[in-house]
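Line order of the protein sequences matches chains Z and U.
Under the numbering used here, the first sequence is numbered contiguously, ending at residue 175.
Under the numbering used here, the second sequence is numbered contiguously, ending at residue 155.
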Amino acid sequence: MSLRVPVSDQDHIQGSPDAPFTLVEYGDYECPHCGHAYPIVKRVQKHFGKRLRFVYRNFPLTQMHPHAESAAETAEFAGSQGKFWEMHDALFENQDSLGGPLYLRLAQQFSLPAAELQAALQAHSFLARIKSDFSGGVRSGVNGTPTFFINGQRHDGPFEYEDLVQAVDSALTRA
Amino acid sequence: MSTILAPGTTAPDFRLHVTPDQQLSLSELRGRPVILAFYPADWSPVCSDQMALYNEVLPEFQKANAELLGISVDGVWCHEAFANDRHLHFPLMADFEPKGAVAKAYGVYRDQDGICERALFVIDKNGVIAWSYLSPVAVNPGADGILDALDRLPR
């Protein structure tokens with residue numbers, strides 16, 4: 001199963017374009033498994049340093065997680081203001097209290113214009129992008145969250161720290 | 001062990017309960033593509049993830065004018081509780097009596113377990129199977145195969 005939408009400058013990317021490894025996560029801010037994976041990904045990034053770039057794409061399961069879409073919209077809004085990763089991290093760190101009050105508090109914390117955020121949430125200005133992430137994910141065989149792709153190949157099975165490190169290492173052998 | 005029906009086969013017709021007081025026949029949906037998603041059991045973790053995914057992908061299925069039907073051997077009341085709990089927006093059909101008869105007709109019944117396999121069918125507007133897929137029972141097959149099969153249908 002491989003990634004059908006290549007990583008591009010439209011993506012939210014941490015790390016160098018020259019990195020030999022690319023880890024793509026399809027995630028949902030309200031999904032507890034993604035919350036579990038969040039600090040693990042940070043450790044994996046630290047372990048591989050400059051050799052790994054990390055890409056986050058939206059895959060909100062909105063019928064199961066009522067705040068998943070608004071959280072994704074908030075992160076995308078922050079991204080439009082150059083603060084995507086700050087918001088991405090803060091949303092996962094506050095996964096249990098997603099909702100309007102948290103978004104506004106975080107906007108204030110990151111010096112983002114609160115009124116514009118509210119307008120963007122109301123108008124669903126970033127929904128098209130989120131849906132496009134979602135569609136691309138479905139086409140690539142994302143079947144739940146989180147789903148990881150390592151150098152374009154879907155990572156199946158557990159995603160504890162050791163599993164991901166090993167999977168990235170073996171991607172090197174494949175290459 | 002029976003074999004899953006292959007593309008080119010006419011999809012066996014069936015009539016099953018979709019709600020406690022409503023039945024639906026496959027033939028009533030003739031004229032548009034139908035997606036049949038056989039799954040082992042309401043409430044089980046993999047099935048729940050799979051149905052939650054399809055729930056989100058419904059708009060894409062609808063773009064192809066396709067109707068999605070979930071099928072398991074669970075009874076109507078079980079389906080109703082499951083669909084309500086998970087906010088599912090597509091029908092779940094009860095292959096309950098005689099148990100698994102439809103799954104057997106499609107070659108996707110697990111005799112040893114008394115449940116359906118996890119299997120997918122895309123049926124074209126003339127009632128002919130265009131694509132079928134038998135997934136390992138513990139693996140959520142996703143929706144990419146369904147969407148690709150819908151894309152390949154003649155318009």
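Quick reminder that beta carbons are idealized off the backbone N, C-alpha and C, glycines included.
Cβ shell of residue i (< 8 Å), same chain only, five flanking positions each side left out
{"i": "Z/Arg129", "result": "Asn58 and Glu76"}
{"i": "Z/Gly157", "result": "Asp163"}
{"i": "Z/Thr62", "result": "Ala68 and Glu69"}
{"i": "Z/Arg4", "result": "Gly136, Arg139 and Ser140"}
{"i": "U/Asn55", "result": "Arg86, His87, Leu88, His89 and Phe90"}
{"i": "U/Lys99", "result": "Val73 and Gly114"}
Where residue i falls: helix, strand or coil (DSSP)
{"i": "Z/Gln81", "result": "coil"}
{"i": "U/Ser27", "result": "helix"}
{"i": "U/Thr3", "result": "coil"}
{"i": "Z/Phe149", "result": "strand"}
{"i": "Z/Gln10", "result": "coil"}
{"i": "Z/Ser125", "result": "coil"}
{"i": "Z/Gln166", "result": "helix"}
{"i": "U/Thr9", "result": "coil"}
{"i": "Z/Leu104", "result": "helix"}
{"i": "Z/Phe54", "result": "strand"}
{"i": "U/Cys116", "result": "strand"}
{"i": "Z/Glu160", "result": "coil"}
{"i": "U/Ala37", "result": "strand"}
{"i": "Z/His155", "result": "strand"}
{"i": "Z/Leu23", "result": "strand"}
{"i": "U/Glu67", "result": "strand"}
{"i": "Z/Thr74", "result": "helix"}
{"i": "U/Trp43", "result": "coil"}
{"i": "U/Gln22", "result": "strand"}
{"i": "Z/Arg4", "result": "coil"}
{"i": "U/Lys99", "result": "strand"}
Cβ separation of residue i and residue j, assumed to be a contact under 8 Å, to the nearest whole Å
{"i": "U/Ala83", "j": "U/Leu92", "result": "6 Å"}
{"i": "Z/Ser140", "j": "Z/Ser8", "result": "So it is not a contact: roughly 14 Å between Cβ atoms."}
{"i": "Z/Asp28", "j": "Z/Ala68", "result": "5 Å"}
{"i": "U/Gly142", "j": "U/Leu53", "result": "7 Å"}
{"i": "Z/Val44", "j": "Z/Val165", "result": "6 Å"}
{"i": "U/Phe121", "j": "U/Leu36", "result": "4 Å"}
{"i": "Z/Glu232", "j": "Z/Leu117", "result": "There is simply no residue 232 of chain Z to check, as chain Z begins at 1 and stops at 175 in what is shown."}
{"i": "U/Gly127", "j": "U/Ala11", "result": "5 Å"}
{"i": "U/Ser132", "j": "U/Pro7", "result": "6 Å"}
{"i": "Z/Ala19", "j": "Z/Lys50", "result": "6 Å"}
Member of the options whose CA lies at the smallest distance from the CA of residue i
{"i": "U/Ile71", "options": "U/Asp21, U/Gly8, U/Asp95 and U/Arg152", "result": "U/Asp95"}
{"i": "U/Cys116", "options": "U/Gly107, U/Met51 and U/Thr9", "result": "U/Gly107"}
{"i": "U/Val34", "options": "U/Tyr109, U/Ala130, U/Asn140 and U/Gly142", "result": "U/Ala130"}
{"i": "Z/His12", "options": "Z/Pro39, Z/Gln81 and Z/Trp85", "result": "Z/Trp85"}
{"i": "Z/Pro146", "options": "Z/Gln166, Z/Glu73, Z/Gly79 and Z/Ile40", "result": "Z/Ile40"}
{"i": "Z/Tyr56", "options": "Z/Cys34, Z/Gly49 and Z/Ala120", "result": "Z/Cys34"}
{"i": "U/Leu5", "options": "U/Ala103, U/Ala81, U/Val137 and U/Asp113", "result": "U/Ala103"}
{"i": "U/Cys78", "options": "U/Met51, U/Asp111, U/Phe38 and U/Trp43", "result": "U/Trp43"}
{"i": "Z/Leu172", "options": "Z/Gln45, Z/Tyr161, Z/His155 and Z/Asn151", "result": "Z/Asn151"}
{"i": "Z/Gln95", "options": "Z/Phe21, Z/Lys46 and Z/Tyr38", "result": "Z/Tyr38"}
{"i": "U/Val46", "options": "U/Leu134, U/Ala138 and U/Val73", "result": "U/Ala138"}
{"i": "U/Lys125", "options": "U/Asp21, U/Arg152 and U/Val73", "result": "U/Arg152"}
{"i": "Z/His124", "options": "Z/Glu73, Z/Pro20 and Z/Ser132", "result": "Z/Glu73"}
{"i": "Z/Lys131", "options": "U/Leu26, U/Glu60, U/Asp49 and U/Pro40", "result": "U/Glu60"}
{"i": "U/Lys63", "options": "U/Leu26, U/Gln112 and U/Arg32", "result": "U/Arg32"}
Chain-ordered chain Z contacts of residue i [CB-CB under 8 Å]
{"i": "U/Leu147", "result": "Val138 and Arg139"}
{"i": "U/Arg110", "result": "Neighbours of U/Arg110 on chain Z: none; closest Cβ ~21 Å, over 8 Å."}
{"i": "U/Arg86", "result": "Gln63 and Met64"}
{"i": "U/Ala143", "result": "Val138 and Asn143"}
{"i": "U/Asp49", "result": "Asn143 and Gly144"}
Residue i beta carbon near the ligand SAH (any heavy atom closer than 7 Å)
{"i": "U/Asp148", "result": "Of ligands this structure carries none, so the ligand SAH is not represented either."}
Under 7 Å by beta carbon: chain U residues contacting residue i
{"i": "Z/Ser135", "result": "Glu60"}
Contact set for residue i: own chain, Cβ-Cβ below 7 Å, skip 5 residues either direction
{"i": "Z/Gly79", "result": "His12"}
{"i": "U/Leu16", "result": "Gln23, Leu24, Met93, Ala94, Asp95 and Val102"}
{"i": "Z/Gly110", "result": "Before going on, a small fix: residue 110 of chain Z reads as Phe here, not Gly. Within the same chain, Z/Phe110 has close Cβ partners Ala78, Lys83, Glu86 and Met87."}
{"i": "Z/His65", "result": "Asp28, Glu30 and Cys31"}
{"i": "Z/His47", "result": "Val165"}
Contact list for residue i against chain Z, beta-carbon separation under 9 Å
{"i": "U/Leu53", "result": "Leu61, Val138, Val142, Asn143 and Gly144"}
{"i": "U/Asn140", "result": "Asn143 and Gly144"}
{"i": "U/Glu56", "result": "Phe59, Pro60, Leu61, Thr62, Gln63, Met64, Phe134 and Val138"}
Proximal residues to residue i (C-beta, below 6 Å), its chain only, five neighbours per side dropped
{"i": "Z/Glu25", "result": "Tyr56, Pro146 and Phe148"}
{"i": "U/Leu29", "result": "Glu67"}
{"i": "U/Ser2", "result": "Gly107"}
{"i": "U/Pro20", "result": "Val76"}
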